[in-house]
Amino acid sequence: MSAEATPARAVVLETERLLLRPWRVAEAVVQRELWAERDPRVPPHRRIDADGHPTLAELEDSIRTNQLWSTGLLAVERKAAHDVIGYCGLVDSGRGPDGEPELAFELLRRVWRQGYATEAALAVLDWARSSGYERLWATVWDWNTASRRVLAKVGFTETERTEVDPVYGTTLFTTRRL
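Spelled out as structure tokens, the structure:
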């Protein structure tokens, strides 16, 4: 894995098969597909609503203006196919300890079970370690066994902390020392 900073100081990470980099406006269509195919157990504010929001135009605008998409959650591009398949990166969601970012990832269903999430997460962990972070955390729904497997593969362990939602399930808090 290698990491470099672009002139805009954005993080770019590279693995054998993947390039993790800032989003391009034209790739909002991938974000829209992620929103559209989310599990119905995901809370409504993270799915496309009855009025069709977020729209493609809203997601394009988000890429143009929102630092979260441009630097925090990097687009995951397959180098061989030159296609964006999801995101992976670090965010400060405000739910974890001060100064400890959360690892977040989401890939399109059509590329699941090929090791891309694990590969992308390991690249982000290496970058976080080299950036001076000592610990990361991640949240995951108790019913999301695929993401729980990825987190376990990259060294996260479940903590005692949970948040129970009677409708959508239990959020598990995991952590990993770097």
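Positions 1 to 178 (the UniProt record's numbering) are the ones given, in order, by the sequence shown.
Virtual Cβ for every residue (Gly too), placed ideally from N, Cα, C.
Predicted, not measured: the structure shown is a model, and the values here were computed from it.
Would the beta-carbon of residue 101 fall within 8 Å of that of residue 74?
No; because the gap between Cβ atoms is not below 8 Å, this pair is not in contact.
Helix, strand or coil: which one does DSSP assign to residue 104?
If DSSP states are grouped into helix, strand and coil, residue 104 belongs with the strands.
Spell out a yes or no on whether the segment 51-58 and the segment 81-88 are touching, meaning 3 or more CB-CB pairs, one atom from each, closer than 8 Å.
Taking 8 Å as the limit for Cβ pairs, the verdict is that the segment 81-88 does not touch the segment 51-58.
Let me know if residue 70 comes out buried or exposed under the rule of 16 or more other beta-carbons within 10 Å of its beta-carbon.
With a pLDDT of 49 at residue 70, under the threshold of 50, the modelled position of this residue cannot be trusted; read the value that follows with caution. With 16 or more Cβ atoms within 10 Å of its Cβ, residue 70 is classed as buried.
Taking DSSP as the reference, what is the three-state secondary structure of residue 151?
Helix.
What's the C-alpha gap between residue 142 and residue 162?
The straight-line gap from Cα to Cα measures roughly 9 Å.
Excluding the 5 residues flanking residue 77 on each side, which residues of the same chain have their C-beta closer than 8 Å to its C-beta?
Correct list, in chain order: 18, 19, 20, 21, 83, 84, 85.
Rounded to whole angstroms, what's the CA-CA distance from residue 128 to residue 152? Just pull it up for me.
Their backbone Cα atoms lie some 17 Å apart in a straight line.
With distance defined between alpha-carbon atoms, name the residue in 41, 120, 10 nearest to residue 165.
Ranking 41, 120, 10 by Cα distance to residue 165 puts 41 first.
Apart from the five residues on each side of it in sequence, which residues of its chain come closer than 8 Å, Cβ to Cβ, to residue 108?
So the list reads 30, 33, 34, 37, 85, 86, once near-sequence residues are dropped.
Put residue 85 into one of helix, strand or coil per three-state DSSP.
Looking at residue 85 - three-state DSSP - the assignment turns out to be strand.
Secondary structure at residue 70, three-state DSSP: helix, strand or coil?
Its pLDDT being 49, under 50, residue 70 is placed unreliably in this model, and the value from its coordinates should be taken loosely. Residue 70 falls in the helix class under three-state DSSP.
Report the three-state DSSP secondary structure of residue 140 (helix, strand or coil).
Correct three-state label for residue 140: strand.
Within 10 Å of its beta-carbon, does residue 112 have 16 or more other beta-carbons around it, so buried, or fewer, so exposed?
That one is exposed.
Can you tell me which of the three DSSP states residue 123 falls into?
Residue state, collapsed to three classes: helix.
Flag residue 90 as yes if its beta-carbon sits less than 8 Å from any beta-carbon of chain D, otherwise no.
Protein chains in the displayed structure number just one, and chain D is not present.
Nearest by alpha-carbon distance to residue 64: which of 140, 25, 92 is it?
Here the closest residue by C-alpha is 25.
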